[in-house]
Amino acid sequence: MNSKRSPIRQVAAAAAAGAAVLALAACGGNGGTADRPGGHAAASPSTAPSSAQQRHNAADVAFAQGMVPHHRQAVEMADLAASRAGSAEVRKLAEDIRKAQDPEIRTLSGWLASWGEDVPAEGADHSAHGAEGMMGAGEMARLEKSSGTAFDTAFMELMIRHHEGAVAMAEAERAEGAHAPAKRMAGEIITAQTGEIALMEKLLGRN
1111 MNSKRSPIRQ VAAAAAAGAA VLALAACGGN GGTADRPGGH AAASPSTAPS
1161 SAQQRHNAAD VAFAQGMVPH HRQAVEMADL AASRAGSAEV RKLAEDIRKA
1211 QDPEIRTLSG WLASWGEDVP AEGADHSAHG AEGMMGAGEM ARLEKSSGTA
1261 FDTAFMELMI RHHEGAVAMA EAERAEGAHA PAKRMAGEII TAQTGEIALM
1311 EKLLGRN
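If you read the sequence shown in the numbering used here, its first letter stands for residue 1111, the second for the next number, and so on.
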């Protein structure tokens, strides 16, 4: 009986050994895929740029929350120029301001939403928001009631102050912010609005 059973036992042992080898190979294969492009470990670096792109700090939030109402007021002022400005230069300047700042409002609002931060409500008292260079309700009312040359002068004087405030906010963002796209926008604001300040100074005869 023992001589008959021995071959059977040998076959069974060989089968078990083969299964163990296959199991070890499978485990080794699973571990290996983690280091290949399709594996989990290799996927992590591909998500790193996205995470870095979303990195932000308190300065970025302050910049976005301050610039949204600031830009909204500039667009509101620019809209008045279409029917009240006396010179073509002021109308063109106002249109350029509106075209530049409308898209930036949407971008800034999108960043705040993605960061889980409040987007400043429309229609709030701009002067109470703490943003630099903002017009008070009385100043906006006087601008709305003017036209022709009087409007042009008031618009440019107020917009120079407004732009100077935006440039100061943008400089703070470039110095203290962490969100790369916000810092790029801040640089663009500084360049564009510094140029517009120089143009308005020239139109006012100050240089």
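Using N, Cα and C, we set each Cβ at its ideal position, and we do this for glycine too.
(message) In the DSSP output, what is Ala1195 paired with across the bridge?
(response) Taking the sequence shown and counting its residues from 1, the one referred to as residue 1195 is at position 85. According to DSSP, which records beta bridges pairwise, Ala1195 is partnered with Gly1258.
(request) Identify, in the order they occur along the chain, each residue of the same chain with its Cβ nearer than 7 Å to the Cβ of Ala1293, setting aside the five sequence neighbours on each side. (result) For the purposes of this step, residue 1293 is taken as the residue at position 183 of the sequence shown. As written in the sequence, residue 1293 is Lys, which differs from the Ala given in the question. Correct list, in chain order: Glu1283, Arg1284, Gly1287.
(request) Taking 7 Å as the cut-off, decide whether the C-beta atoms of Ile1270 and Met1310 are in contact. (result) Along the sequence shown, one-based indexing puts residue 1270 at 160. Along the sequence shown, one-based indexing puts residue 1310 at 200. Result yes, Cβ atoms of Ile1270 and Met1310 sit closer than 7 Å.
(message) Restricting to runs no shorter than 3 residues, where is the beta strand (DSSP E) found entirely within the region 1205-1230?
(response) none
(message) With H, G and I counted as helix, E and B as strand and the rest as coil, what does DSSP make of Leu1314?
(response) Counting from 1 along the sequence shown, the entry for residue 1314 is found at position 204. Reduced to three states, the DSSP call for Leu1314 is coil.
(request) Could you tell me how far apart the beta carbons of His1180 and Ala1276 are, in whole angstroms, since I believe they sit closer than 8 Å? (result) Here residue 1180 refers to the residue found at position 70 when the sequence shown is read from its first residue. Here residue 1276 refers to the residue found at position 166 when the sequence shown is read from its first residue. Correct: roughly 6 Å between the Cβ atoms.
(request) On a CA-only basis, which of Leu1314, Glu1274, Met1177, Asp1212 is nearest Ala1260? Give me that one, please. (result) As a working note, residue 1260 is residue 150 in the sequence shown. Residue Leu1314 is the option with its Cα nearest to Ala1260.
(message) With a threshold of 7 Å on Cβ separation, who are the neighbours of Thr1304 within its own chain once the five nearest residues in sequence on each side are excluded?
(response) What you label residue 1304 is simply residue 194 of the sequence shown in a count that begins at 1. Same-chain partners within the cutoff: Val1277.
(request) From the DSSP output, in three-state form, read off Gly1176 for me. (result) Locating residue 1176 in the sequence shown gives position 66, counting from the first residue. In the structure shown, Gly1176 sits in a helix (DSSP, three-state: H, G or I).
(request) Take Ile1230 and list the residues in its own chain whose beta-carbon comes closer than 7 Å to its own, dropping the five residues that flank it on each side. (result) Position 120 of the sequence shown, counted from the first residue, corresponds to residue 1230. A small correction: the amino acid at residue 1230 is Pro; Ile does not occupy that position in the sequence shown. Once the five neighbours on either side are set aside, the close Cβ partners of Pro1230 are Gln1175, Val1178, Pro1179, His1239.
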